[in-house]
Each structure stands twice: as structure tokens, then as C-alpha cells.
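Chains G and W supply the protein sequences, listed in that same order.
The first sequence: position 32 = 22 (the working numbering), numbered continuously.
One rule links them: number in the working numbering = place in the second sequence (from 1) + 168.
Glycine included, C-beta positions come from ideal geometry on N, C-alpha and C.
Data first, discussion second: the structure below is written as C-alpha cells.
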Amino acid sequence: MNRPRYGTHLFLVVMSAMWLLPLLWTLYTSLRPKAATDKYGYWSLRGPFNLDNFTTAWTQGSLPTYFVNSIYITVPAVLLTLALSSMMAFAVSRFVWKFNVTLLILFTAGNMLPPQVLAAPLFEMFKHTPLPYSLSTSGSLLDTYYAVIAVEVAFQLGFCTFVLSNYMKALPGELTEAALVDGASVWRQYRQIIMPLSRPALAALGTLQVIWLYNDFFWPLLFLQTGSRLPITTGVNSLQGQFLMNYNLIAAGATITVIPTLVIYLALQRHFVAGLTLGANKG
Amino acid sequence: MTPPTTLATVAAPARVPAPPTRSRRVRRLSGKDRWVLGIMVGIPTAVQAVLIWIPTLLSIGLSFTRWNGLAISGIKPAGLSNYRFALEDYPPFWPAIEHNVIWLVFLALVATPLGLLLAVLLDQKIRGSRIYQSIFFTPVMLSLVLVGIIWQLIYARDEGLLNNVLGTAGHPDAVDWFGDPHVNLWAALVATAWRHAGYVMVLYLAGLKGLDPSLREAAAMDGANARQTFFRVVLPAMRPINIVIVVITLIEALRAFDIVYVINHGTNGLELLSVLVIQNLVGEGQVLGVGSALAVILLVVSLVPIVTYLSRTFRKADR
């Protein structure tokens, strides 16, 4: 078993280099002023290097607005998803009830559909739902965060309910049995027994959901028409048009967009990987 | 792919536990508790019903109508004409189907096996395994929008890394990797594989780590070599995860949207079924009926992996 595996290492090193190359190239391009790349070409090892592209992309690309918008969407959506899915998971996993499995199947199926299947009806439903102008400048649910948050929550509910219900099923039944003997209500069993015990699963799912919703492109693209309301992932796409052919600025914008995900990943790596594989291993 | 992906995708349980026999029946609960439970189930179910299940049915309904999306009263029945139009008279339809099939085949034959290979290699006690894992996993955290933008920097005709390395940058016959309709599908697939392989690797690695080590020891004791151990012992034992990976690959291929939309809005060689749906909803003319017919076709195809997966996962639970 311990003979040196040069072939394996060689393969892994080459693959790693190929994997890192696009990221490093992006970073490298973003650090070079446009004037330098115009003069020497992008394929060159000449300075100067500075952060000018980052400041330009940050201010001209309205990145701060996009980031704030991402927070407006991601934070409520993740909290709502976890709250609703944990309640649903608690109910279907801790109680025997006629439509348990049917509902769980329908929830899971909903999460696996391609979002485009639902695009037309949701768009029209929101367009034809009037809202007072004090709540929405469009007079309907279109172009509002409510629409985006609601659909993001609905779409993630299935996966989270599925994972959490498996997790909660694995918790010993005696826990709530004892609480019931003590006369604890269903709500107290949920809040004070099951939820605290599910903390690892909730942390993992929460991390995963933050990154997924931050990365979501499609729903904001469909529902939000005002450019200044777009979240970062949808907004960063418009940089390509705005910084036409200025690849240095585009690279800087892309790098800035990656940073929050990278920070979350490095800080909560364990949770993130656990969240991805939770469903795959928990039984 | 969305989320997910995103892409968002689904990871599934290796095994669903037997139904909890110790759980209590709802009937024995007090009135107030039943109300609380009803609300806990009712709100999420209502959200799902209003925003997922009803829209799915509406999509099917709309596919048999002609409508411009304005007044509800303007909805006219159209029979099967939308489907007939999509299949017979809509030029991008068959190219899109072909691209979706290529997408699936490429993921299934290249990206997914590469992820499996990486997982198997990194599951060995190998130096720097964690560092390798982190490297291959990094693209999984990126949105497909960013994947598209980052690879644009590689693929750009005169400014991109690839043509500069090949030495063709600046020549009139340099390949525009994302622009040339003969190669852009493959260019987009390479970028997609960059992300997909890492995702498969993480899932499979978790499965391998959870595998009973005595299986391998027994195989080694019987004199099986590494290859035999993997194909005869490990792979069959990983069956539940294998199914998850197959389903994820299928669904990712059907959901593919973000990256081609970022590259050129899914035109000129990058037509995909999901993109055609959207083009018919937001484009000029707004042919909702045709868009919905395409959506229903996408739905029917998606139901194959979804139903396969669900029936396998829930068979034991649903007696």
C-alpha cells in the first residue's frame, strides 16, 4: 500500500494546475491596468500591478448596490426556508400520519424540477397580482423582492425538508416520548428538544443555502426588471456589457464577487461540505 | 444549477430508515397540539402548492392555449398547435434537443467519471489529499455566471489565455471559442465540467469514506488487486450513491441554463431547451403558448429521472 504513487501524484498535480489556472488567470488579469495589457498584450509578464481595476469596478459597476440587494434576498430567504422546512420535517418525521410520505415525495419532486418549467405561470401570476404602489413600484408582485424570496424559499423547501426529516427521524424517539409524558406540547417538543438537537444539520444546510441563493441567477433575472435591484450574481453579468472588452475590469468584478463565497467557504468549510453530503449519507 | 446550481441539486439518502415505529399517531394528540401540527404542515405545503405544484399544472394548461400574457380573458384554446409548431416549424427546437443530449452525454461520459476518478484517487492515503480536494472543490462554490465570465477570459479570441498559449491570438483565423457555433458548445461543456467534476468528487468521496473498511480488507485478503477491488467490491457497494450521481448528472443536463445564457443568451450554437422556454416568454411577441409547450416537453423529460429517483428512495418508506 505504501509504495510511492508517482503516476497518481503526477496526474493530480496536472489536474490541480488545470483547475487553478482559470482562477489564477482571472486574478492576474484583474491586477494589471488596462494600459499595460494593451501595450504588452494579456499574455505577458510585465507590470505594473495595482488594485485600480478593483476600485473602478467597485464604483462604476454599482457592485455595492448589488451586494446589498443580495443580502436583502439571501438572508430572509434562508431564514424562512430553514424555519418552514424544519417545521415540516418535524411534523412528518416525528408523527405517523396518513399523507406523510406522499407530501415528502411531492416536496422532493418540486425541488428537482428545472426552474424554467415554472417560469411562465409564476411570471404571469405575479404580473396579475396587484400590489399597492406603496409596496411595489410596478403595482404588481413583479420587480419586487417578495416575489424572488417567495420562489427561492419554495424551491429550496423540498431539499431542506427532505434532509432535515431524515436527520430528525434518526433522533431517538424516547426524547420526545419523555417530553410527552411530562406534558410538553408539540410546539415545545419542536422548539426545545428537536431544534436544538438538529443544530448541526441546520448549520450545514444554512451554509449551503446561503451560497446557493447568493449564486442563484435565474429567479432574479426573471422577476426583477429594475437594474438597480439586481443581486450580485445577476448583476455581475451586466458588467460584461458595461465594461465592453475591458477584460481587466471584468476580471476584477468577478474576483470581487467570488470573495464573499470564498470567505464563507473558508470559515464554514466543514458545514458546507457536510450540507452537500448530508443528504447523501444520512440515513 | 442552479442553485443551483444552480443550480440547485439534490443529494439523497444512502438509505431511508425504516418508518419510526416509536413515533406517535396524530390521533392521540390534544386539540391544540393538532392545530399546531396542522399549521406546521399547512404553511410549507401551501407555499409548495401555490408556487410549485399549481404553476406546474398551469404550465401544462397554458401549453394548449394561445395568449399574449395581457388580459386573462384573452386566453384562447389552441389544441395541440403549440406542440405542432415547436416540433415542426420552430427552427431552434431540434438543435436544442441535440445540444441537450450532447450535454448529457458529455457530463455522463467525461465530467462525472472524472469526478469519480478524482474521488477514488483522493480516497487513498495520499499526501496532500486535503489540498487537492480543496482545489477541485473551489469551482463548486462559484455560480455558473462566474464560471461563464471566468472562462470568457480564457476563451476570448484575441485576449484570452487559450489562443495566446496556442499562439493563434491576433491571427485572422483564431478560434473564437465562445462565439463560433461549431465549437462553443464544447467550450461551454469544458467550463461546466470544471465545476461538475468537483461536485461529483465531493459526493462520491463522502460515500467512499462511509464505506465499511472490512469490505476492502476482505477483498485484499482474497488477493484482489486495486482494480478488481474497485470494480467488483467498492462500486457495487456504492450503489445508492451511484444512483444519486446518475440522477444529479441527468438533472444538471436538463437544467443547464445559466452558463449559456451568460455566454450569448443561448443562441448561435448554444440553444438548449431551457433557454428556448425563456426566449418565448420574454422575447418580442411573447408566445406564451409555445414557451409553455416547450416547458411541458422539458417537464416530461425531467420526470424520468425524478420519478426513478423518488420511487427508489421512498419505496421502502411507502408500504
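By the three-class DSSP mapping on this structure, what secondary structure does residue i have?
i: Lys244 of chain W; result: strand
i: Arg234 of chain W; result: strand
i: Phe346 of chain W; result: coil
i: Ser126 of chain G; result: coil
i: Pro120 of chain G; result: strand
i: Thr89 of chain G; result: It is Phe, not Thr, that sits at residue 89 of chain G in the sequence shown. Phe89 of chain G: coil per DSSP, three-state reduction.
i: Ile240 of chain G; result: helix
i: Asp326 of chain W; result: coil
i: Thr216 of chain G; result: coil
i: Phe233 of chain G; result: coil
i: Ile294 of chain W; result: coil
i: Asn332 of chain W; result: helix
i: Gly283 of chain W; result: helix
i: Leu35 of chain G; result: coil
i: Gly100 of chain G; result: helix
i: Thr134 of chain G; result: coil
i: Leu353 of chain W; result: helix
i: Arg260 of chain G; result: helix
i: Asn59 of chain G; result: helix
i: Tyr204 of chain G; result: helix
When the cut-off is 8 Å and only beta carbons count, does residue i lie next to chain G?
i: Ala463 of chain W; result: yes
i: Lys200 of chain W; result: yes
i: Ala340 of chain W; result: At residue 340 of chain W the sequence reads Pro, which differs from the Ala that was named. Not closer than 8 Å to any Cβ of chain G, the Cβ of Pro340 of chain W fails to qualify, so no.
i: Leu466 of chain W; result: yes
i: Gln216 of chain W; result: yes
i: Arg384 of chain W; result: no
i: Arg483 of chain W; result: no
Closest Cβ-Cβ distance between residue i and chain W: below 8 Å?
i: Met308 of chain G; result: Since the displayed chain G opens at -9 and closes at 273, residue 308 of chain G lies outside it and no answer follows.
i: Tyr30 of chain G; result: no
i: Trp48 of chain G; result: no
i: Ser130 of chain G; result: no
i: Lys24 of chain G; result: no
i: His118 of chain G; result: yes
i: Phe208 of chain G; result: yes
i: Pro66 of chain G; result: no
i: Val253 of chain G; result: no
i: Arg(-5) of chain G; result: yes
i: Leu108 of chain G; result: yes
i: Asn271 of chain G; result: Bear in mind that the predicted position of Asn271 of chain G carries a pLDDT of just 43, short of 50, making it unreliable; the figure below should be weighed with that in mind. Yes, Asn271 of chain G counts as interfacial toward chain W.
i: Pro221 of chain G; result: no
Just to confirm my understanding: we take residue i, look at its own chain, exclude 5 residues before and 5 after, and list those with CB closer than 7 Å. What are they?
i: Ile254 of chain G; result: Thr197, Val200 and Ile201
i: Asn236 of chain G; result: Lys24
i: Thr55 of chain G; result: Ser218
i: Phe253 of chain W; result: Val458
Could you name the residues of the same chain whose beta carbon sits closer than 6 Å to that of residue i, not counting the 5 residues immediately before and after it, in chain order?
i: Leu282 of chain W; result: Ala365
i: Val468 of chain W; result: none
i: Gly375 of chain W; result: Met406 and Ile409
i: Trp362 of chain W; result: Pro307
i: Ser231 of chain W; result: Asn250, Ser460, Ala461 and Val464
i: Ala342 of chain W; result: Arg325, Asn331 and Thr336
Would you tell me roughly how many angstroms separate the C-alpha atoms of residue i and residue j, rounded to the nearest one?
i: Ala244 of chain G; j: Arg325 of chain W; result: 19 Å
i: Met309 of chain W; j: Leu197 of chain W; result: 44 Å
i: Gln259 of chain G; j: Ala193 of chain G; result: 11 Å
i: Thr19 of chain G; j: Ala242 of chain G; result: 8 Å
i: Ser75 of chain G; j: Thr92 of chain G; result: 16 Å
i: Asn448 of chain W; j: Ile465 of chain W; result: 14 Å
i: Ala392 of chain W; j: Ala356 of chain W; result: 40 Å
i: Val443 of chain W; j: Glu266 of chain W; result: 14 Å
Near residue i, which residues of its chain fall below 8 Å by C-beta distance, leaving aside the five closest residues on each side in sequence?
i: Arg190 of chain W; result: Confidence in Arg190 of chain W is poor, its pLDDT being 47 and thus under 50, which makes the residue's placement too unreliable to answer from.
Worksheet entry | Secondary structure, beta strand (DSSP E): runs of 3+ residues fully inside the stretch 382 to 463 of chain W | none
Discussion item. List, from N- to C-terminal side, the alpha helix (DSSP H) runs of 4 residues or more that fit wholly inside the stretch 146 to 188 of chain G.
Written reply: 164 to 171
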